[in-house]
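Participant: This is the structure I have questions about; it appears just below.
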Amino acid sequence: MVKFPIEKIIIEGPDLAGKTTLFNKMHEISKFRWNIQDRSALSMLIYAKMYNRDTFHLVENLKKELFNLNNQIVLLLPPFEVLSKRFQKRGDPIQNLISLKKLHKLYAEFEEEYGSLPNVTVVKKEISDLGYISIVGRYLGMERNTTIRQFPNMCVNSANTQDNKEVVGLRFTYFDDGEFTDIKPELLEYEGEKEYYDRIEEQLRKKIANNHSSDQDFTSRRIIYHDDSCISLAHFLIRDQMFDAKFFLRSSNVKDTLKYDINFIHYLTSVVYKIYECNQPVKIEVTLNSAHICDRID
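Per the numbering used here, the sequence shown runs over residues 1148 to 1445.
Encoded structure:
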């Protein structure tokens, strides 16, 4: 069984949008299940723009946060009239109506560019008590019900947010209980990739056999496969507490072939797991250096 853990939940939005209330409600309903942050990289970028500071490194920080699919961002963006009413009622120690409107516009620009990311939830109205429960339920369901079949769709949606249909450094982490029930054998037979997958598996098995015969890596139980192809690195580190597998995909056509690649690396992890007769949980980290839709990107 696969589990897709949330690394952190980041609540973003302009002043008076309701972030503190949502922060407290989510902790209360979930019994402090997650690391929830009130503002992060997005707000740092927004306020740098607000005060005309340099933003290059802040843009990169935001992308690093956004393109880790285990991070979840909740953007609170009620109509400006709602913020104005709240301001008139209780004021704000820093903002006035002019600056508040400018902030609202900047956050709206972020929504236009990144609001369709699979890990961004945009809330554009005041939240009811049922609404708070619904938001928490969404994230509970995500952790409990995600399968490896959903990862390619997440990556396609991410690439679609970019003008050139490419995300650099897209990544996600998930766990398996060691049963590997998500593997679909028929996907390993895909004509366009079968020969490629067979070659990788054969080379990996030979490497493991050579390591056993020479005692190289045997005591540490560390196995590394690498080449210049799209699946360019597989790193397995086996410890009593955790079986850690890391994959680096140099380039991935997320629309057409990623579903086969994800199934294959899940299968490849199971191969190593069985060879070493493991019985501990499995952690799998996947990095797509170029996650793209357009086939013209190398």
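The C-beta atom is built at its ideal place from N, Cα and C for all residues, glycine as well.
Please confirm if the region 1242-1249 is in contact with the region 1183-1191, defined as three or more CB-CB distances below 8 Å between the two stretches.
Facilitator: The region 1242-1249 vs the region 1183-1191: no contact.
Participant: Quick one: measure Cβ to Cβ for Ser-1305 and Leu-1253, integer angstroms, because I've assumed they're closer than 8 Å.
Facilitator: Ser-1305 to Leu-1253, Cβ: 22 Å. No contact.
Participant: Please state whether DSSP places Lys-1150 in a helix, a strand or coil.
Facilitator: Of the three classes helix, strand and coil, the one that applies to Lys-1150 here is strand, per DSSP.
Participant: Which residue marks the beginning of the alpha helix (DSSP H) containing Tyr-1198, and which one marks its end?
Facilitator: No alpha helix (DSSP H) holds Tyr-1198; DSSP gives it neither H nor E.
Participant: Run through DSSP, which three-state label would Leu-1435 get?
Facilitator: Leu-1435 falls in the strand class under three-state DSSP.
Participant: Based on the DSSP output, what are the partners of Phe-1394 in its beta bridges?
Facilitator: Its beta-bridge partners are Ala-1381, Val-1433.
Participant: Quick check on Met-1197: buried or exposed, where buried means 16 or more other Cβ atoms within 10 Å of its Cβ?
Facilitator: So Met-1197 ends up on the exposed side.
Participant: Report yes or no: do the region 1369-1381 and the region 1289-1298 share at least 3 C-beta pairs separated by less than 8 Å?
Facilitator: Contact fails: fewer than three Cβ-Cβ distances are below 8 Å.
Participant: Once you ignore the five residues that flank Ile-1176 on each side, which residues in its own chain have a CB closer than 8 Å to its CB?
Facilitator: Closer than 8 Å at the Cβ level, and outside the excluded window around Ile-1176, lie Tyr-1279, Ile-1280, Val-1283.
Participant: For Arg-1370 and Phe-1394, I'd like the C-alpha separation in whole angstroms.
Facilitator: It should be pointed out that residue 1370 corresponds to Ile in this sequence rather than to Arg. For Ile-1370 and Phe-1394, the distance between alpha carbons rounds to 12 Å.
Participant: Have a look at Leu-1405, Ile-1422, Phe-1234 and flag the residue whose alpha-carbon is nearest the alpha-carbon of Tyr-1337.
Facilitator: Of the listed residues, the one whose Cα sits closest to Tyr-1337 is Leu-1405.
Participant: Do you know how far the Cα of Glu-1348 is from the Cα of Lys-1341?
Facilitator: The straight-line gap from Cα to Cα measures roughly 11 Å.
Participant: So, for Glu-1258: in the same chain, excluding its five sequence neighbours on each side, which residues have a beta-carbon less than 7 Å away from its beta-carbon?
Facilitator: Closer than 7 Å at the Cβ level, and outside the excluded window around Glu-1258, lie Leu-1222, Leu-1224, Val-1269.
Participant: Report the option in Gln-1427, Asp-1403, Tyr-1194 whose CA atom is closest to the CA atom of His-1439.
Facilitator: Among Gln-1427, Asp-1403, Tyr-1194, the Cα nearest to that of His-1439 belongs to Asp-1403.
Participant: Hey, Ile-1330 and Ser-1417: beta-carbon distance below 8 Å or not?
Facilitator: The answer is yes: Cβ separation under 8 Å.
Participant: Report the rounded CA-to-CA distance for Asn-1292 versus Val-1149, giving the unit in angstroms.
Facilitator: For Asn-1292 and Val-1149, the distance between alpha carbons rounds to 8 Å.
Participant: Does Val-1433 pass the burial test, meaning 16 or more other C-beta atoms within 10 Å, or should it be called exposed?
Facilitator: Val-1433 comes out buried.
Participant: In the DSSP assignment, the alpha helix (DSSP H) including Val-1112 goes from what residue to what residue?
Facilitator: Because residue 1112 is not part of the residues shown, which for the chain are 1148 to 1445, the question remains open.
Participant: Let me know the secondary structure DSSP gives Gln-1427 once reduced to three states.
Facilitator: Gln-1427: coil per DSSP, three-state reduction.
Participant: In chain order, what residues of the same chain have a beta carbon less than 6 Å from the beta carbon of Lys-1430, not counting five sequence neighbours either side?
Facilitator: Answer for Lys-1430: Phe-1322, Met-1389, Asp-1391, listed in chain order.
Participant: With a threshold of 16 other CB atoms inside 10 Å of the CB of Ile-1241, please say whether the residue is buried or exposed.
Facilitator: Answer is exposed; the Cβ neighbour count stays below 16.
Participant: Only counting the same chain, and skipping five residues up and downstream in sequence, which positions put a Cβ closer than 7 Å to that of Leu-1209?
Facilitator: So the qualifying residues of the chain are Ala-1188, Leu-1189, Leu-1192.
Participant: In the structure shown, what three-state DSSP assignment does Phe-1411 receive?
Facilitator: Of the three classes helix, strand and coil, the one that applies to Phe-1411 here is helix, per DSSP.
Participant: Where does Asp-1162 sit, in a helix, a strand or coil, going by DSSP?
Facilitator: In the structure shown, Asp-1162 sits in coil (DSSP, three-state: anything other than H, G, I, E or B).
Participant: Check the C-beta distance from Leu-1169 over to Ile-1158 and give it rounded, since I have them as a contact under 8 Å.
Facilitator: Correct: roughly 6 Å between the Cβ atoms.
Participant: Using beta-carbon positions only, say whether Asp-1276 and Asp-1162 come within less than 8 Å of one another.
Facilitator: No.
Participant: Output needed for Gln-1350: all residues of its chain with C-beta closer than 8 Å, excluding positions within five of it in sequence on either side, in chain order.
Facilitator: Within the same chain, Gln-1350 has close Cβ partners Tyr-1372, Asp-1374.
Participant: Within 10 Å of its beta-carbon, does Val-1267 have 16 or more other beta-carbons around it, so buried, or fewer, so exposed?
Facilitator: Buried.
Participant: With the cut-off set at 8 Å, would you say Asn-1215 and Arg-1285 are in Cβ contact?
Facilitator: No, these two residues do not count as a Cβ contact at 8 Å.
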